[in-house]
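Take 1 as the starting number for the sequence shown in the UniProt record's numbering and just add one per residue. Glycine is no exception: its CB is placed at the ideal position from the N, C-alpha and C atoms.
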Amino acid sequence: MKYYRFMRAFVLGILVVMGVLIAGSFSTTAPQPVQAQSAKVVRVKTMNISKKATHVSRGVMYSSNRLTKMVHNGANYRGTTFYTYRQAQVTRSNKKTTAYVYIRSANGRVAGWIWKGYLKAGKATVTNVSNKKVTVQVNGPLSEGNKIIASGPVSFKTGATAFSVLQSLTKRKGIKIAYTGRGSSTYVTMIAGKKTGSGGVGGGWVYQVNGHYSNRSAGAYKLKNGDKVQWAWSEKAGDRGWQG
Numbered sequence: 001m002k003y004y005r006f007m008r009a010f011v012l013g014i015l016v017v018m019g020v021l022i023a024g025s026f027s028t029t030a031p032q033p034v035q036a037q038s039a040k041v042v043r044v045k046t047m048n049i050s051k052k053a054t055h056v057s058r059g060v061m062y063s064s065n066r067l068t069k070m071v072h073n074g075a076n077y078r079g080t081t082f083y084t085y086r087q088a089q090v091t092r093s094n095k096k097t098t099a100y101v102y103i104r105s106a107n108g109r110v111a112g113w114i115w116k117g118y119l120k121a122g123k124a125t126v127t128n129v130s131n132k133k134v135t136v137q138v139n140g141p142l143s144e145g146n147k148i149i150a151s152g153p154v155s156f157k158t159g160a161t162a163f164s165v166l167q168s169l170t171k172r173k174g175i176k177i178a179y180t181g182r183g184s185s186t187y188v189t190m191i192a193g194k195k196t197g198s199g200g201v202g203g204g205w206v207y208q209v210n211g212h213y214s215n216r217s218a219g220a221y222k223l224k225n226g227d228k229v230q231w232a233w234s235e236k237a238g239d240r241g242w243q244g
């Protein structure tokens, strides 16, 4: 019995040691993408390149060729035509060298450094252009004259909501917005620097379609051709005719 126990313990010990050795060999040879991606930029060589039309459908744009701050996601600009201006050979601490290109949209509002491999030659192709349109307007506080912050027509496709057309208009006008949630729980918290307080205290953003308020989230209100959407800052209950 003692011999059996001894042999069993001996075999188990051998298996444990082999397991540690095998695991160790895998840990030293397996790729480490996270560390590779976070390797620090140690050298940058920049040169001017020809201005050419290009477009992207993915990838991250950085504010500088040191690649420390992300400013845009290429997936959000599939229909935007960019132009190339400069190229940088970026070397990281792991001795990997890659090419990044500085691109800028025609209106100059969107720009950044992006990995060259994400660029596609030529202008972006706009497909499935819809002839459906709504009018969207954003008004500031009544106490400040109910000033129009942004206004204009917005083309949309079936399924567009009071929130998605607000996004389209403000993006086109270069106005920042903020929101929480998604879909039927979307809640707009800021437009052009005007922020809602906690629980709506101090004011908040309300919307109406064709002169009527809705209890539905703006992300759930589906629009139809010709609708008029107005967003306005409400300073207190009832000042915009909406009681909540």
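- [ ] Report the rounded CA-to-CA distance for D227 versus V42, giving the unit in angstroms.
- [x] Each residue's alpha carbon lies about 54 Å from the other.
Open item on the list: Given this structure, state the Cα-to-Cα distance separating T125 from Y207, to the nearest angstrom.
Closed with: One C-alpha to the other measures close to 33 Å.
TODO: With a 10 Å radius around its C-beta and 16 neighbouring C-beta atoms as the bar for buried, classify G197 as buried or exposed.
DONE: Per the 10 Å Cβ criterion, exposed.
Task: Cβ neighbour criterion (16 or more within 10 Å) applied to H212 - done: That one is exposed.
Open item on the list: Please identify the residue among K40, G174, K224, A121 whose C-alpha is closest to the C-alpha of A192.
Closed with: Restricting attention to K40, G174, K224, A121, the CA atom closest to the CA of A192 is found in G174.
Task: Backbone CA spacing between I177 and K132 [nearest angstrom] - done: Going from the Cα of I177 to the Cα of K132 covers about 24 Å.
- [ ] Grab me the residues of Y3's own chain with a C-beta within less than 8 Å of its C-beta, minus the 5 sequence neighbours each way, in chain order.
- [x] Caution is warranted here: a pLDDT of 44 is assigned to Y3, below 50, making its placement in the model unreliable, and the coordinate value is therefore given only provisionally. Closer than 8 Å at Cβ, skipping near neighbours: no residue.
Task: Rounded C-alpha distance that separates Y187 from R109 - done: So the two alpha carbons sit approximately 26 Å from each other.
Open item on the list: Quick check: the Cα distance between K116 and R172, rounded to an integer number of angstroms?
Closed with: Computed Cα separation, rounded: 26 Å.
Open item on the list: Taking the beta carbon of A106 as the centre, do at least 16 other beta carbons fall within 10 Å, making it buried, or is it exposed?
Closed with: Classification of A106: exposed, given that the 10 Å Cβ count is below 16.
TODO: On a CA-only basis, which of G152, T80, V154, K147 is nearest A121? Give me that one, please.
DONE: Answer by Cα proximity: T80.
TODO: Give every residue of the same chain whose Cβ lies closer than 6 Å to the Cβ of Q230, excluding the five residues on either side of it in the sequence, and list them in chain order.
DONE: Counting only Cβ-Cβ distances below 6 Å, and skipping sequence neighbours, we find Q137, Q208.
TODO: Assuming V60 contacts N73 (C-beta within less than 8 Å), just tell me the rounded distance between them.
DONE: 6 Å between Cβ atoms; contact.
Task: Continuous beta strand (DSSP E) stretch holding T46: start and end - done: Per DSSP, T46 is one residue of the beta strand (DSSP E) stretching across 41–48.
Open item on the list: Measuring CB atoms only, is the region 77–96 touching the region 49–66, in the sense that at least three cross pairs come out at less than 8 Å?
Closed with: Yes, the region 77–96 touches the region 49–66.
Open item on the list: For the beta strand (DSSP E) containing K228, name the first residue and the last one.
Closed with: 228–234 is the extent of the beta strand (DSSP E) around K228.
Open item on the list: Taking the beta carbon of G238 as the centre, do at least 16 other beta carbons fall within 10 Å, making it buried, or is it exposed?
Closed with: Exposed, by the Cβ-count rule.
Open item on the list: Taking 8 Å as the cut-off, does the region 79–97 touch the region 150–162 (at least 3 CB pairs, one atom from each stretch)?
Closed with: Too few Cβ pairs lie closer than 8 Å, so no.
Open item on the list: Quick check on DSSP: helix, strand or coil for K52?
Closed with: Residue state, collapsed to three classes: coil.
- [ ] State the DSSP-derived secondary structure class of residue 246, mapped to helix, strand or coil.
- [x] In the structure as shown, the chain begins at 1 and stops at 244. Residue 246 is therefore absent and cannot be evaluated.
Task: CB-CB length for residue 251 against R66, believed under 8 Å - done: Past the edges of the chain, shown from 1 to 244, lies residue 251, and the structure says nothing about it.
- [ ] Please name the residue in V101, Q89, W113 whose C-alpha comes closest to that of M70.
- [x] Considering only V101, Q89, W113, the residue with the shortest C-alpha distance to M70 is W113.
Task: Cut-off 6 Å between Cβ atoms - residues of its own chain near K147, not counting five sequence neighbours on either side - done: Around K147: G140.
- [ ] Could you tell me if A232 is buried or exposed, where buried requires 16 or more neighbouring beta carbons within 10 angstroms of its beta carbon?
- [x] Burial call: buried.
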